[in-house]
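Student: For the sequence shown, our numbering begins at 1 and goes up steadily by one. From the three backbone atoms N, C-alpha and C, an ideal C-beta is built for every residue, glycine too.
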Amino acid sequence: ARSDVKPATTITYRNVRRNLTGCFGDDKPLREITPGDADTFRLWMATHEKLADNTIRRRTGIARQFFKTAVRNRMIPANPFDGLPASVRRNPDRFRYVTREEAASINDACPDAEWRLIFALSRFGGLRCPSEHLSLQWADIDWERNRINVRSPKTEHHPDGKSRIIPLFPELLPHLRDVFEQAEPGTEHVITRYRDPRQNLRTQFQRIIRKAGLDPWPKPFQNLRSSRETELAESWPLHVVCAWIGNSQAVAAKHYLQITDDHFDRAAVTV
1 ARSDVKPATT
11 ITYRNVRRNL
21 TGCFGDDKPL
31 REITPGDADT
41 FRLWMATHEK
51 LADNTIRRRT
61 GIARQFFKTA
71 VRNRMIPANP
81 FDGLPASVRR
91 NPDRFRYVTR
101 EEAASINDAC
111 PDAEWRLIFA
121 LSRFGGLRCP
131 SEHLSLQWAD
141 IDWERNRINV
151 RSPKTEHHPD
161 GKSRIIPLFP
171 ELLPHLRDVF
181 EQAEPGTEHV
191 ITRYRDPRQN
201 LRTQFQRIIR
211 KAGLDPWPKP
221 FQNLRSSRET
231 ELAESWPLHV
241 VCAWIGNSQA
251 VAAKHYLQIT
261 DDHFDRAAVT
271 V
């Protein structure tokens, strides 16, 4: 079946190619790009594109991959991007733990059953939004074994990254049943009303958050995944949690696991 979900990695590669041609032009030979030009490229992304530091680091790393391939194919003698910072740094200011009480308010503010399911799959299933939500099919729901097969366009290029199995968590079950009961016979995808790529789920979600009486937070959907991974890590071994969320323990520790108010409250009364 045709998928209308674009892998995030492919989109990022295209953005980097667009940045490179935007900075250097379409006709600049690879051999003429120097380490100084690579520094200029980073500055150009900051001043011209107004990109955040971690985005610049990520795109610098992808540009380095491009030029590494050129070196391997003997198109250029050396990689001008070698030595530039490319690792993404942890930014605690962009973390936001979404409590269950806040989740209940947001759920009540959702306009329909599909939006309630989108939110539940993000906060309590740990799915990446929108790619994994829009890839989810009814055939992926194993009602008898209480499991869900999560197709992952973002990681499908990695070994064993095409999909992962997560529990059919009890927080998901009522929302899946509601949407299933409303689905037309023969419907393939779980999410049908919000598949139009022109619809910006992030913008819609921010309106829902405000309707719930909360202030929108940075990286709204990633922080839902982060909240769920933090929550699961309280009860399950980390390797199990990472298998369910679909990241590595190193990535979880650096970019997902949070310190919550509850940690401080419980520590303060521990004897």
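Measuring only the C-alpha atoms, how far is D53 from F119?
Tutor: If I take the Cα positions, the gap works out to 29 Å.
Student: Mind pulling the alpha helix (DSSP H) runs of 4 or more residues that sit fully within the stretch 111-145?
Tutor: Fully enclosed alpha helix (DSSP H) runs of 4 or longer: 113-123 and 131-135.
Student: Quick check: R280 and S226, are their CB atoms within less than 9 Å of each other?
Tutor: No answer is possible for residue 280: the residues shown for the chain start at 1 and end at 271.
Student: How big is the Cα-Cα spacing for G246 and Q222?
Tutor: Distance between the alpha carbons of G246 and Q222: 13 Å.
Student: Tell me which same chain residues have a C-beta within less than 8 Å of the C-beta of R59, skipping the five on either side of it?
Tutor: Correct list, in chain order: T12, N15, V16, N19, M45 and L51.
Student: Counting only runs of 4+ residues fully inside the stretch 8-67, write out the alpha helix (DSSP H) ranges in chain order.
Tutor: Here the runs fully enclosed are 8-24 and 35-47.
Student: Starting from the Cα of P29, find the closest Cα among R42, A70, S248 and S163 and give me that residue.
Tutor: Ranking the options by Cα distance to P29, first place goes to A70.
Student: If you count every other CB in all the chains shown that lies within 10 Å of the CB of S248, and 16 or more means buried, which is it?
Tutor: Label assigned to S248: exposed.
Student: So the candidates are P77, A86 and D37; which of them puts its Cα closest to the Cα of I62?
Tutor: Selected option, being the one with the closest Cα: A86.
Student: State the Cα-Cα distance for the pair A212 and R193, rounded to the nearest angstrom.
Tutor: Their backbone Cα atoms lie some 22 Å apart in a straight line.
Student: If we count the other Cβ atoms within 10 Å of its Cβ and call it buried at 16 or more, is F41 buried or exposed?
Tutor: Its Cβ being crowded by 16 or more others within 10 Å, F41 is buried.
Student: Give me the Cα-Cα distance between P7 and P197, rounded to the nearest whole angstrom.
Tutor: Residue placement at P7 is flagged as unreliable, the pLDDT there being 47, under the threshold of 50; a coordinate-derived value is accordingly withheld.
Student: Between the C-alpha atoms of I191 and T203, what's the straight-line distance to the nearest angstrom?
Tutor: I191 and T203: Cα-Cα distance of roughly 18 Å.
Student: Between the Cα of E102 and the Cα atoms of L121, R266, N200 and L214, which residue gives the shortest distance?
Tutor: When each option's Cα is compared against that of E102, the closest is L214.
Student: Between which two residues does the alpha helix (DSSP H) containing S227 stretch?
Tutor: Run containing S227: P220 to L232, per the alpha helix (DSSP H) assignment.
Student: Which class does R147 belong to by DSSP, given the choice of helix, strand or coil?
Tutor: Residue state, collapsed to three classes: strand.
Student: For the beta strand (DSSP E) that I165 lies in, which residues bound it at each end?
Tutor: Start and end: S163 to P167.
Student: Where do the ends of the alpha helix (DSSP H) carrying S105 lie?
Tutor: R100 to A109 is the span of the alpha helix (DSSP H), which, as asked, contains S105.
Student: Is it right to say R89 is buried, meaning 16 or more other beta carbons lie within 10 angstroms of its own, or is it exposed?
Tutor: Counting Cβ neighbours within 10 Å, R89 comes out exposed, since fewer than 16 surround it.
Student: Nearest CA to the CA of L257: which residue from H239, F264 and A233?
Tutor: When each option's Cα is compared against that of L257, the closest is A233.
Student: Keeping to the same chain, check which residues put their C-beta closer than 7 Å to that of C242; ignore five residues upstream and five downstream.
Tutor: Same-chain partners within the cutoff: S248, Q249 and A252.
Student: Nearest-angstrom Cα distance between H133 and L121?
Tutor: Going by the C-alpha atoms only, they are around 7 Å apart.
Student: Within a Cβ cutoff of 8 Å, which residues of the same chain sit near I208, ignoring the five residues on either side of it in sequence?
Tutor: So the qualifying residues of the chain are I106, A109, C110, P111, W115 and F119.
Student: Can you give the Cα-Cα distance for E231 and I56, rounded to whole angstroms?
Tutor: One C-alpha to the other measures close to 30 Å.
Student: Helix, strand or coil: how does DSSP classify S3 here?
Tutor: Reliability fails at S3, whose pLDDT of 39 lies under 50, so the model's placement of it is uncertain and no value is given.
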